[in-house]
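Asks: My structure is below; once you've seen it, I'll send some questions.
Here you go:
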């Protein structure tokens, strides 16, 4: 059953929460994704079988949450995540961040450090608005953005992505690879070798930039950006268990 949280920012956020014992898990989804995705639902079922607390949710403008996607930004979605984590969970949690959710989870590790027990990144995409989207724009797209405030990019998943000036400007205010990134807890980064959305170089840059004593990166040969095959889901579960054992 879907529940809703009214956040301090005035946004209504849809979520699913499962009770349990021990360190909980919070799943943070990707750009234009939602909490009904394969990974979120599969990890919830796995956590329930483990008897472990679990939360999945939709950012504003995503899935069942209120708002329009085109009005959103990294900062607002991070505020949504922070409200969910601080309002719904007890004690430190393991953040599992997929793609954009990896970026937002990294922001959470710096803003609410007392809520972090560990981190698992799945094709984490920190700073993608600056380093992937804006850096890849053609001169024509730059003009379109300046004139209309929005550019439509092919998504590979159906409808195109509306990329707004607000999203890009706000993304610049939330970059994590330009300043120190201390991660003083167990961290496991997972990356597919056939990911066409997040290149291997991003995972390596993040590994090199992050500062911590227990940080590992694992590549899954043949895995794409969805990272939802049985082999990939098993890798995520193993990473969570590894982090849990070291907390």
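Numbering (full-length UniProt numbering), first residue to last: 1 to 247.
Backbone N, C-alpha and C define an ideal beta-carbon position, used for all residues, glycine too.
Just so it is clear, the structure is predicted and the values come from calculations on it, not from any experiment.
Judging by CA-CA distance, which residue of 54, 19, 10, 134 is the nearest neighbour of residue 240?
Replies: Per the Cα distances, 54.
Asks: In terms of alpha-carbon separation, which member of 94, 21, 81 lies closest to residue 246?
Replies: Minimum Cα distance to residue 246 is reached at 94.
Asks: For residue 185, does the three-state DSSP call read helix, strand or coil?
Replies: The answer is coil: DSSP assigns residue 185 none of H, G, I, E or B.
Asks: Could you tell me the alpha carbon to alpha carbon distance between residue 197 and residue 223, rounded to whole angstroms?
Replies: Going by the C-alpha atoms only, they are around 12 Å apart.
Asks: When DSSP labels each residue in this structure, what does residue 112 get in the three-state scheme?
Replies: Note: residue 112 maps to coil in three-state DSSP.
Asks: Taking residue 3 as the reference, give the member of 88, 72, 194 with the closest Cα.
Replies: The shortest Cα separation from residue 3 among 88, 72, 194 belongs to 88.
Asks: Per the DSSP calculation, residue 3 is bridged to which residue(s)?
Replies: 15, per the DSSP bridge assignment.
Asks: Based on Cα-Cα distance, which residue from 44, 24, 58, 23 lies nearest to residue 33?
Replies: Of the listed residues, the one whose Cα sits closest to residue 33 is 58.
Asks: Under a Cβ-count criterion, where at least 16 other Cβ atoms within 10 Å of its own Cβ denotes burial, should residue 180 be classed as buried or exposed?
Replies: It counts as exposed.
Asks: Can you tell me whether residue 124 is buried or exposed? The criterion is at least 16 other CB atoms within 10 Å of its CB, across all chains shown.
Replies: It is buried - the Cβ of residue 124 has at least 16 other Cβ atoms within 10 Å.
Asks: Give the secondary structure of residue 98 by DSSP, where H, G and I count as helix, E and B as strand, and everything else as coil.
Replies: It is a strand residue.
Asks: Decide if residue 194 is buried, meaning its Cβ has at least 16 other Cβ atoms within 10 Å, or exposed.
Replies: Residue 194 comes out exposed.
Asks: From this set, 207, 227, 169, 190, which residue's C-alpha is nearest residue 134's C-alpha?
Replies: That would be 169, whose Cα lies nearest to the Cα of residue 134.
Asks: Report the partner residues of residue 127 according to the DSSP bridge assignment.
Replies: Looking at the DSSP assignment, residue 127 forms no beta bridge with any residue, so it has no partner.
Asks: Using 8 Å as the Cβ pair cut-off and three pairs as the minimum, do the segment 43–53 and the segment 12–29 touch?
Replies: At 8 Å Cβ cutoff, the stretches touch.
Asks: Along the beta strand (DSSP E) that carries residue 218, what are the first and last residues, could you check?
Replies: Segment 215–220, the beta strand (DSSP E) holding residue 218.
Asks: Could you check whether the segment 67–85 touches the segment 94–113, counting it as contact only if at least three pairs of C-beta atoms, one from each stretch, sit closer than 8 Å?
Replies: Yes, they touch.
Asks: Can you give the Cα-Cα distance for residue 78 and residue 108, rounded to whole angstroms?
Replies: Taking the straight line joining both Cα atoms gives about 7 Å.
Asks: Distance check for residue 147 and residue 231, CA to CA, integer angstroms please.
Replies: Cα to Cα, the separation comes out at about 45 Å.
Asks: Give me the residue from 44, 8, 102 with the minimum Cα distance to residue 188.
Replies: Considering only alpha carbons, the answer is 102.
Asks: Among 20, 213, 14, which has the Cα closest to the Cα of residue 118?
Replies: Out of 20, 213, 14, 213 has the C-alpha closest to the C-alpha of residue 118.
Asks: In terms of residue numbering, what span does the alpha helix (DSSP H) encompassing residue 247 cover?
Replies: Per DSSP, residue 247 belongs to no alpha helix (DSSP H) and is neither H nor E.
Asks: Where residue 234 and residue 144 are concerned, what is the direct C-alpha to C-alpha distance, given to the nearest angstrom?
Replies: Rounded to the nearest angstrom, the two C-alpha atoms are 43 Å apart.
Asks: Thinking C-beta only, is residue 69 closer than 8 Å to residue 61?
Replies: In contact: residue 61 and residue 69 (Cβ atoms closer than 8 Å).
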